[in-house]
Amino acid sequence: MYAGSWVADRLADLKNTLSGGNKATDTIYFKDYTFDKSTIKDTTYKRLPQKGESYIEAMSKLRKTADSTKRAKW
Numbered sequence: 001m002y003a004g005s006w007v008a009d010r011l012a013d014l015k016n017t018l019s020g021g022n023k024a025t026d027t028i029y030f031k032d033y034t035f036d037k038s039t040i041k042d043t044t045y046k047r048l049p050q051k052g053e054s055y056i057e058a059m060s061k062l063r064k065t066a067d068s069t070k071r072a073k074w
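FYI, UniProt numbering numbers position 29 of the sequence shown as 29, with every residue one higher than the one before it.
Below, the structure is given as structure tokens:
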């Protein structure tokens, strides 16, 4: 299911790129990990920058989301 949603997201990005798109659709990805019971699993977080938000601001918010997710699962 995850792979299917990832493929659909990439195809949408490709369509926007090829059509010229009316807006910047750069998706920011951050690969991290989360805890699942007694194991650690890889997790990829993604976020679209908000209007007027720089890449660094968006990445900072994405990292905060990842940190809060890890803390919530402890």
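Cβ atoms here follow ideal geometry from the backbone N, Cα and C, with glycine treated the same way.
For THR27, which residues does DSSP report across the bridge? Indexing the sequence shown from 1 puts residue 27 at position 27. Beta-bridge pairing links THR27 to no other residue.
Report the CB separation of LYS64 from PHE35 in whole angstroms; it is logged as a contact under 8 Å. Along the sequence shown, one-based indexing puts residue 64 at 64. Along the sequence shown, one-based indexing puts residue 35 at 35. Not quite, the Cβ-Cβ distance comes to about 18 Å (not below 8 Å), so this is no contact.
Would you identify the three-state DSSP class for LYS51, choosing helix, strand or coil? For the purposes of this step, residue 51 is taken as the residue at position 51 of the sequence shown. Correct three-state label for LYS51: coil.
Determine the contact status of THR39 and LYS31, defining contact as a CB-CB distance below 8 Å. For the purposes of this step, residue 39 is identified with residue 39 of the sequence shown, where counting begins at 1. For the purposes of this step, residue 31 is identified with residue 31 of the sequence shown, where counting begins at 1. No, the Cβ-Cβ distance between THR39 and LYS31 is not below 8 Å.
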